[in-house]
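S.K.:
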Amino acid sequence: MPLIDEVVTKREQMNDNDREYALRIYQENMRDVMDYRIARDKKATDERRQKLDEKRAERAKKSGKTYQVSKDQQEALDKAGDEVAKPEER
Numbered sequence: 001m002p003l004i005d006e007v008v009t010k011r012e013q014m015n016d017n018d019r020e021y022a023l024r025i026y027q028e029n030m031r032d033v034m035d036y037r038i039a040r041d042k043k044a045t046d047e048r049r050q051k052l053d054e055k056r057a058e059r060a061k062k063s064g065k066t067y068q069v070s071k072d073q074q075e076a077l078d079k080a081g082d083e084v085a086k087p088e089e090r
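Structure follows, in structure tokens:
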């Protein structure tokens, strides 16, 4: 799927025949490409969130406090995650 995603992304730089082929591939695999992109973006977001949480925990540790996500914050994060299309449930 990453290859199809890259071909579709680069189609603006292609000649007419290659562009038509890229569009046909995209149309045939549209749902899979969208699911791949959603999963890729979710993974990147989760990694950024994890790094940010680690930094916050480190800062809190240096200041002598413990870092915890409040229950309300966690519920908001879970709700936001649930609102994202889940490819495996389609």
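Heads up: the sequence shown begins at 1 in full-length UniProt numbering, then just goes up one per residue.
Ideal Cβ placement from N, Cα and C applies to all residues, glycine included.
(1) Look at the alpha carbon of Asp16 and the alpha carbon of Arg40, and state the distance between them as a whole number of angstroms.
(2) Would you report the Cα separation of Arg19 and Ile38, rounded to the nearest angstrom?
(3) Any idea if Ala60 is buried or exposed, counting beta-carbon neighbours within 10 angstroms, 16 or more meaning buried?
(4) For Asp78, collect the residues of the same chain with a Cβ closer than 8 Å to its Cβ; drop the 5 residues on either side in sequence, then sort them by chain order.
(5) Spatial neighbours of Asp72 within its chain, please: C-beta separation below 8 Å, excluding the five flanking residues on both sides.
M.R.: In this structure, then:
(1) In this structure, the alpha-carbon of Asp16 lies about 29 Å from that of Arg40.
(2) A direct Cα-Cα distance of roughly 23 Å separates Arg19 from Ile38.
(3) It counts as exposed.
(4) none
(5) None.
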